[in-house]
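Student: Right, I'll just put the structure down here and ask away after.
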Amino acid sequence: MPRKAIELPHNIEYLSILNEKGEADSALEPKLEASTLKAMYRWMLLARRVDERLLKLQRQGRIGTFPQATGHEAISLGSILTIKPTDWHVPAYRETAGFLYRGWTIETILLYWKGFEEGARPPEGVNDTPISVPVASQLLHAAGLGMANNIAGDKNVVLTYFGDGASSEGDTHEALNFASVFQAPVVFVCLNNQFAISVPVSKQMRSETVTQKAVAYGMPGIRVDGNDVLAMYVASKEAVERARAGGGPTLIEALTYRYTPHTTADDPTRYRKEEESKQWADREPLIRFAKYLEKKKVLSEAERNTMEEEIETQIKNAIQNVEELVKHPPYSDPLAMFDYLYEDIPPFLQAQRDELAKALGINTNENKDDKKKDKASAGGRN
Amino acid sequence: MPRKAIELPHNIEYLSILNEKGEADSALEPKLEASTLKAMYRWMLLARRVDERLLKLQRQGRIGTFPQATGHEAISLGSILTIKPTDWHVPAYRETAGFLYRGWTIETILLYWKGFEEGARPPEGVNDTPISVPVASQLLHAAGLGMANNIAGDKNVVLTYFGDGASSEGDTHEALNFASVFQAPVVFVCLNNQFAISVPVSKQMRSETVTQKAVAYGMPGIRVDGNDVLAMYVASKEAVERARAGGGPTLIEALTYRYTPHTTADDPTRYRKEEESKQWADREPLIRFAKYLEKKKVLSEAERNTMEEEIETQIKNAIQNVEELVKHPPYSDPLAMFDYLYEDIPPFLQAQRDELAKALGINTNENKDDKKKDKASAGGRN
Amino acid sequence: MAQMNMAESINLALDEAMGRDKRVIVMGEDVGYDEGVFRITKGLIAKYGDKRVIDTPLAEAGIIGTAIGMALYGLRPVAEIQFAGFEYYAYHQLEMHAGRFRNRTRGKLTVPMVMRAPSGGGIRAIEHHSESREAIYAHSPGLKVVMPSGPRNARALLHAAIQDPDPVVYYEPKALYRLFREDVPEQIETLPIGRAQVVKEGKDITLISYGATMRATLEAAEMLEEEDGVKAEVVDLLSITPLDTQTIIESTRKTGRAVVIHEGPRTCGLGAEVIARINEHVLLYLEAPIIRVTGYDVPIPYFAREMAYLPDADKVLNAARQTLSF
Amino acid sequence: MAQMNMAESINLALDEAMGRDKRVIVMGEDVGYDEGVFRITKGLIAKYGDKRVIDTPLAEAGIIGTAIGMALYGLRPVAEIQFAGFEYYAYHQLEMHAGRFRNRTRGKLTVPMVMRAPSGGGIRAIEHHSESREAIYAHSPGLKVVMPSGPRNARALLHAAIQDPDPVVYYEPKALYRLFREDVPEQIETLPIGRAQVVKEGKDITLISYGATMRATLEAAEMLEEEDGVKAEVVDLLSITPLDTQTIIESTRKTGRAVVIHEGPRTCGLGAEVIARINEHVLLYLEAPIIRVTGYDVPIPYFAREMAYLPDADKVLNAARQTLSF
Ligand SMILES: Cc1ncc(C[n+]2csc(CCOP(=O)(O)OP(=O)(O)O)c2C)c(N)n1
Ligand SMILES: Cc1ncc(C[n+]2csc(CCOP(=O)(O)OP(=O)(O)O)c2C)c(N)n1
Ligand SMILES: [Mg+2]
Ligand SMILES: [Mg+2]
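Residue numbers (the numbering used here), protein chains in the order written: chain A, 1 to 382; chain B, 1 to 382; chain C, 1 to 326; chain D, 1 to 326.
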């Protein structure tokens, strides 16, 4: 056979379940309890409202620049539902729904955007890593966590996220390759929101889909309607189950649109057309899911309104709490910058700490107690 | 269409022309002049004999450790034939045949393995980069050269090489992606010799072929019998012509076997079976091509013997030349380490140069002249 | 002569360089239609088109590696890394190739490229957006490294960097982008790479800094003069590699006292090198230990605590007083 | 008590650590069936299997990045980078994550991993196989950095590194792998990270070094004693981060003179930091400028010229004499 086409034994699919009218494909529709469906809506709504509130706070100068997550709720929530607390959640930075679901408080999220490392401390009881700023870098941690699971003979799964832009980084390639070579139980979710800041996906790559990159790693790939929480749930569940059963990694491409600017510092009118955004407006995940729930008589408008009120109060209280909290140590203490670099502070660093304390006129004996207290309370992995 | 397989519009092929008995598939056989065929054999033979001689020199301690190229001649020569001197040749380190073809003298090659930067200075008249030691890193230069060609509106092509192991590096991914996004005229040749030092390709990747990685970049990919110089020539020619015509990059996977240890420092019996190597012995590129040429009456055994003698003399003379050469400046001058870092030596570096000169008891005024002379003769890109 | 801020003057230099020399190419993440996240590449794509102003995929090694290829080809790429903190993704290309091709090929192949990157803190950014690690490049043979401290020298240094036949890391202290304006002359200026400037003459103590911390340094010098009657000489290094040993030692010889100020971590930072060179050349003239006012050896904190991390005029002032009263 | 060379003692430490602690994992290119290109992982895969001795794909960022993930999971990965010169491919993972997770998560998530890499020149290797850039890690907050100088301390430091709760860069001066043997005790030893050793006492001058250049340094000290009757005190730093300021300044205070010796490039290298700390603490005790005997600020030359680049006993001796006669 001197010249012939090579057959690629691949498993590359597309999945959508819920259309824009809120109609589900009954053959594919997952069987979920009414209470679960209701809770799903609530988590997504909470994430949405937190995002909107963060925007206001940012405009008021009460938090720093942040990347909005509006429109990405279904991707994060649909997938996070399929893992256990002991599984690992390795997010990028638009997984607000997932963070909330995993127990990150609104207070913690606020602390992060107010510029405190304390906002990057994962809650107890779950295996989460915090927001990862350098795009793609977290994917290797996910691969390593999955490899460690196999070495330890455990049955945990790792769920990780990255953007269409992040797919261009070498780390993404290395992570997908390591995970596939070692059959690590990792589900890689690519949030393809079609933009990396200003760069459209068509300039980010020449392949028609992110999904087909799975072929390069001999792993299954599936492209999912990322605005469809049911499809996200089903695709993730399959991938998570396969991973847990020793079937190795999966690449999920969740197709959506970045409805907002990249961050609060971005002005998308510079590089994309308003019309395009409008096309996507009807497809956004919450409206569609609300329609579905209404049709199914799981959640009425009145119930939604009650939810809205509860959430409003919840967010308001969190803001109040945090704005009080940061007036006190350790938040108000700049010397805290020295206290968690190494398990024990080495002499040269203690000297720098003392130097800064002196410059700021702080009595360091007080502070040391705070640190000890805080350390003792650290649970989880440490 | 809620759930369906995604069709991948890809162009992934396999090609072989010359079988182990030296029989060519007449439909695919390239029409080459007898003189060209003869020359091809000679270049490959020269590369082989240089490689064997280097091994002896290494064993005698007359050069340092080096990676053998035996068995990789067809890949390098079959592809290098398809580009012009003004095109760019961006090699890895097993392209001895290509180096020789492009005008790198045996002397220069010897200088390299004797530990002189002078051995990495490309010859005049061709656009070559030297051996690239950090695997995969050269692929980005190739992509950049191709991008530059497009920016300048030129019609040059870039031919570059990497190993199956190198395919795991992030740089490989980034280079393939940049080249495809910008439709850079780059032909990427992966020497899949099935080993990266001790690691077999099955542990390097989970994909069945390197070729299918082309799908991830929306570029054509072709798997070629890397021991078949005619197939390498045909596949490369197609890719080079497509690139020159504006059709963008191609990934060629050249399948061969690493017949030798990784380098002279390696002991492959630690990690692979002798039987395996034996299976591949019959497939090696020179014997097969010799049979073909004999059948075609292009090259007789007698002519081959004459070639052998000429080559032997050629190599012997080169060794003599170099061993004399290195006794004199600039080779014998350690201060040369300072002379090419920047176009002009800055004061702090001149001070370090003087410091070393003093330590070695060298009169620096003499040396300066040498440098100037050498610089004036630098042509090419500089 | 026009008043402009540093963001504008860097933009001007890019525009001028592209206008003069067709080989100059601007590339990086979002440098095209978005005109750069700090608008440093404003107007360039409209003027020079998307062949010469290139929005790249999101891959730093890709950016630097292909820029090296372009430079080998004969272009003069000016590659932007969106934030200096992400350059580590590409460090292997800078170290292994940009800084070595000329040396490796004995002058045959050269890499006349510029890597621009906004560096430093003070803009309330999130993690990895405030790093200042010029010392890493200073420890990497074959690179040149420069760092402007104001609109005028920013433009002049960028022209010098682009014209330089060797690879130059051009670090932009982003806190200064829009902090102040100054006169920038009509005509293109260049500043010689490798030369520091004495920006204020004095006789009692030498304050040595560069980049963003020049502001705090100059402020401290004024306070010293007003409050203590001390005349501080202020040196703006401008070039990190080559470092202008001569200017440093001449000033220190004269004053006998020095403080070195920079944002990057202290250990193995530029301050150490400055002290080492002073020690080597004019030790006997020193009347007091040289104090380093620098970032501490921790990652620059998230922004709630970053101001405490950064050198400021008070810290410089205190260090100077400590030196003076030694 | 057994006589062994450094390659053997590092191998022994790995074996011991894996034997004691199931969480210890060895990973890297060719560390498994090939037992490492320098045979440092000899026998490990046979003893501990390919789940704990992992041949990875050829990707340094992949190695370090997945090692970070493993450490987060609770394992204690010891990741080998085949040659220190290739670590730049992974530097972003070390800087952005290994050194930051504890700090970032306020102590919740930690990265107890070791990166081993053979460093330095002198073995007639090709380009990129002889680098010594420990200063880069010293300038990267959150990492610890150690460098043995002989079989015994190599084993003890490796145990300390593996047991350390934070990420440690363990640089192996490969020229020493098989250079000499010494007694290594039966029982497992650890050396405290952050402490230097005075390996020879003296009163006239302090010679400060670490890693491969300790040999030249000790040789020079002997020559000084024999030929000049000078008693040099020799400090082996062992830890690069944290650097043992105390030992450095105590010795220099006593002798008043010092030479710092290392292989890496001079500018912003460890020598600069040592000098800066001496300046800060004991300037007034100095009787002569401290001389740096280091690699020059060029890439370490291809091997035909590398011996001229490397510090040797003669260079140290000359520097010491210059210092003594200042
Ligand atoms: C390594 C790295 N380079 C650059 C940046 C700056 N940056 C932040 S987000 C972003 C775009 C990311 O695009 P994508 O991966 O598609 O994710 P999205 O923001 O669209 O969710 C860039 C360039 C970064 N954070 N990390
Ligand atoms: C970045 C980098 N890491 C490690 C090495 C050490 N090394 C040299 S060759 C090699 C294996 C390369 O395998 P492959 O790419 O298949 O090429 P081959 O040698 O088989 O031709 C390794 C690990 C290197 N040169 N560069
Ligand atoms: Mg995106
Ligand atoms: Mg190979």
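Think of the CB as a built atom: it goes at the ideal place given N, C-alpha and C, for glycine as much as any other residue. As the structure is a prediction and not an experimental result, all values here were calculated from the model.
#1: Taking 8 Å as the CB-CB limit, is B/K306 close to chain A?
#2: Taking 8 Å as the CB-CB limit, is D/L237 close to chain C?
#3: Would you grab the beta carbon distance between A/E404 and B/R3 for me? Rounded to a whole angstrom, and I think it's under 8 Å.
#4: Can you give me the start and stop residues for the alpha helix (DSSP H) that B/H141 sits inside?
#5: In angstroms, rounded to a whole number, what distance separates the CA positions of A/K114 and A/R62?
#6: For A/S180, which of helix, strand or coil comes out of DSSP?
#7: For a test of the three-state rule: what should DSSP assign to D/D314, helix, strand or coil?
#8: Using only the heavy atoms of ligand 3, determine whether one of them is closer than 7 Å to the beta carbon of A/D171.
#9: Using a beta-carbon distance cut-off of less than 8 Å, what residues from the region 98–130 of chain C approach chain D?
#10: Can you tell me where the alpha helix (DSSP H) with C/R215 in it begins and where it stops?
#11: Buried or exposed for B/H328, please, with buried defined as at least 16 other CB atoms from any protein chain shown within 10 angstroms of its CB.
#12: Quick one: residues with CB closer than 7 Å to any heavy atom of ligand 3, in chain order, please.
#13: Got a sec: is the Cβ-Cβ distance from D/H159 to anything in chain A below 8 Å?
#14: Please look up how many angstroms separate the CB atoms of B/L37 and B/L293, rounded, as I've assumed it's under 8 Å.
#15: Where C/T294 and C/R266 are concerned, what is the direct C-alpha to C-alpha distance, given to the nearest angstrom?
#16: Run the CB neighbour count on C/M307, radius 10 Å, all protein chains shown included, and call it buried at 16 or more, exposed below.
#17: Among the residues of its own chain, which have a CB less than 8 Å from the CB of D/T105, if the five just before and after it don't count?
#18: Cβ of D/E95 less than 8 Å from any chain C Cβ?
#19: Which of the three DSSP states, helix, strand or coil, is assigned to B/A376?
#20: With a Cβ-Cβ cutoff of 8 Å, do B/T172 and B/L145 count as a contact?
#21: Could you tell me whether the Cβ atoms of D/L191 and D/A160 are closer together than 8 Å?
#22: So for B/Q320, helix, strand or coil by DSSP?
#23: Work out the CA separation of D/A220 and D/A313 for me, nearest whole Å.
#24: Just the C-alpha distance for B/D369 and B/P330, rounded to the nearest angstrom, thanks.
#25: Which residues of the region 326–346 of chain A have a Cβ closer than 9 Å to any Cβ of chain D? Give them in chain order.
#26: Using beta-carbon positions only, say whether B/A290 and B/R304 come within less than 8 Å of one another.
#27: So if I threshold CB-CB distances at 8 Å, which residues from the region 250–272 of chain C count as touching chain D?
#28: Using a Cβ-Cβ cut-off of 8 Å, state whether B/I151 counts as contacting chain C.
#29: Tell me the start and end of each unbroken alpha helix (DSSP H) in the region 223–305 of chain D that is at least 4 residues and wholly inside, in chain order.
#30: Could you say which of D/V114, D/R76, D/M214 and D/S132 lies nearest to D/P151 if we only look at CA atoms?
#31: Flag this pair as yes or no: are the beta carbons of B/Y101 and B/L77 separated by less than 8 Å?
#32: Less than 7 Å separating the Cβ of C/P301 from some heavy atom of ligand 2?
#33: At a Cβ threshold of 8 Å, is A/L360 touching chain C?
#34: Given that B/L28 touches chain C, what residues does it touch there, using C-beta distances under 7 Å?
#35: Taking Cβ positions only, does C/A276 come closer than 8 Å to chain D?
Tutor: Inspection of the coordinates gives the following:
#1: Residue numbering aside, residue 306 of chain B sits at position 306 when the second sequence is read from its first letter. Residue identity differs from the one stated: residue 306 of chain B is Thr in this sequence, not Lys. Judged by the 8 Å Cβ criterion, B/T306 is not in contact with chain A.
#2: Position 237 of the fourth sequence, counting from 1, holds the residue named residue 237 of chain D. No, its Cβ sits nowhere closer than 8 Å to a Cβ of chain C.
#3: Examination of residue 404 of chain A is not possible in this model, given that chain A is present from 1 through 382 alone.
#4: Along the second sequence, one-based indexing puts residue 141 of chain B at 141. Counting along the chain, B/H141 sits inside the alpha helix (DSSP H) bounded by residues S137 to A152.
#5: Within the first sequence, numbered from 1, the residue matching residue 114 of chain A stands at position 114. Within the first sequence, numbered from 1, the residue matching residue 62 of chain A stands at position 62. In a straight line, the C-alpha of A/K114 is about 7 Å away from that of A/R62.
#6: In the first sequence, residue 180 of chain A corresponds to position 180, counting from 1. It is helical.
#7: Along the fourth sequence, read from residue 1 onward, the residue named residue 314 of chain D stands at position 314. Note: D/D314 maps to helix in three-state DSSP.
#8: For the purposes of this step, residue 171 of chain A is taken as the residue at position 171 of the first sequence. No.
#9: Listed by position, the residues of the region 98–130 of chain C near chain D (Cβ gap below 8 Å) are G99, R100, N103, R104, E127 and H128.
#10: Here residue 215 of chain C refers to the residue found at position 215 when the third sequence is read from its first residue. M214 to M223 is the extent of the alpha helix (DSSP H) around C/R215.
#11: To locate residue 328 of chain B, count along the second sequence from 1; it is residue 328. Looking at its Cβ environment, which holds fewer than 16 other Cβ atoms inside 10 Å, B/H328 is exposed.
#12: After applying the 7 Å Cβ criterion, the set is A/G163, A/D164, A/G165, A/L191, A/N192, A/N193, A/Q194, A/F195, A/A196 and A/R258.
#13: Against the fourth sequence, residue 159 of chain D aligns to sequence position 159. Judged by the 8 Å Cβ criterion, D/H159 is not in contact with chain A.
#14: Within the second sequence, residue 37 of chain B is the residue found at index 37, counting from 1. Within the second sequence, residue 293 of chain B is the residue found at index 293, counting from 1. Contact holds; Cβ gap of about 6 Å.
#15: As a first step, residue 294 of chain C must be located in the third sequence, where it is residue number 294. As a first step, residue 266 of chain C must be located in the third sequence, where it is residue number 266. Approximately 6 Å between the Cα atoms of the pair.
#16: Position 307 of the third sequence, counting from 1, holds the residue named residue 307 of chain C. Exposed is the label assigned to C/M307, since fewer than 16 other Cβ atoms lie within 10 Å of its Cβ.
#17: For the purposes of this step, residue 105 of chain D is taken as the residue at position 105 of the fourth sequence. Result list for D/T105: empty, nothing under 8 Å.
#18: The sequence position of residue 95 of chain D within the fourth sequence is 95, counting from 1. With 8 Å as the cut-off, D/E95 counts as an interface residue toward chain C.
#19: Residue 376 of chain B sits at position 376 when you count from the first residue of the second sequence. With a pLDDT of 36 at B/A376, under the threshold of 50, the modelled position of this residue cannot be trusted, and the question is left open.
#20: Here residue 172 of chain B refers to the residue found at position 172 of the second sequence. Here residue 145 of chain B refers to the residue found at position 145 of the second sequence. Not in contact: B/T172 and B/L145 (Cβ atoms no closer than 8 Å).
#21: Walking along the fourth sequence from the start, residue 191 of chain D turns up at place 191. Walking along the fourth sequence from the start, residue 160 of chain D turns up at place 160. In this structure, the beta-carbon distance from D/L191 to D/A160 falls below 8 Å.
#22: Looking up residue 320 of chain B in the second sequence gives position 320. Helix, per DSSP.
#23: Here residue 313 of chain D refers to the residue found at position 313 of the fourth sequence. Here residue 220 of chain D refers to the residue found at position 220 of the fourth sequence. Their backbone Cα atoms lie some 5 Å apart in a straight line.
#24: Here residue 369 of chain B refers to the residue found at position 369 of the second sequence. Here residue 330 of chain B refers to the residue found at position 330 of the second sequence. Because B/D369 carries a pLDDT of 47, less than 50, the predicted location of this residue cannot be relied on, and no value is offered for it.
#25: If the cut-off is 9 Å between Cβ atoms, the region 326–346 of chain A has P330, A336, M337, D339, Y340, L341, Y342, E343, D344 and P346 near chain D.
#26: Numbered from its first residue, the second sequence carries residue 290 of chain B at position 290. Numbered from its first residue, the second sequence carries residue 304 of chain B at position 304. With respect to B/R304, B/A290 sits close: the two C-beta atoms are nearer than 8 Å.
#27: Identification of residues in the region 250–272 of chain C having a C-beta nearer than 8 Å to some C-beta of chain D yields G264, P265, T267, C268, G269, L270, G271 and A272, given in sequence order.
#28: As a first step, residue 151 of chain B is located in the second sequence; it is residue number 151 there, counting from the start. So, interface residue.
#29: List check, alpha helix (DSSP H) in window: 245–255 and 270–282.
#30: The residue given as residue 151 of chain D occupies position 151 in the fourth sequence. Restricting attention to D/V114, D/R76, D/M214 and D/S132, the CA atom closest to the CA of D/P151 is found in D/M214.
#31: For this step, residue 101 of chain B is matched to residue 101 along the second sequence. For this step, residue 77 of chain B is matched to residue 77 along the second sequence. When the beta-carbon positions are compared, B/Y101 and B/L77 come within less than 8 Å of each other.
#32: The residue labelled residue 301 of chain C in the question sits at position 301 within the third sequence. False, no ligand heavy atom lies under 7 Å from that Cβ.
#33: To locate residue 360 of chain A, count along the first sequence from 1; it is residue 360. With its beta carbon less than 8 Å from one in chain C, A/L360 belongs to the interface.
#34: To locate residue 28 of chain B, count along the second sequence from 1; it is residue 28. Neighbours of B/L28 on chain C: none; closest Cβ ~33 Å, over 7 Å.
#35: Here residue 276 of chain C corresponds to residue number 276 of the third sequence, with the count starting at 1. Interface residue, yes.
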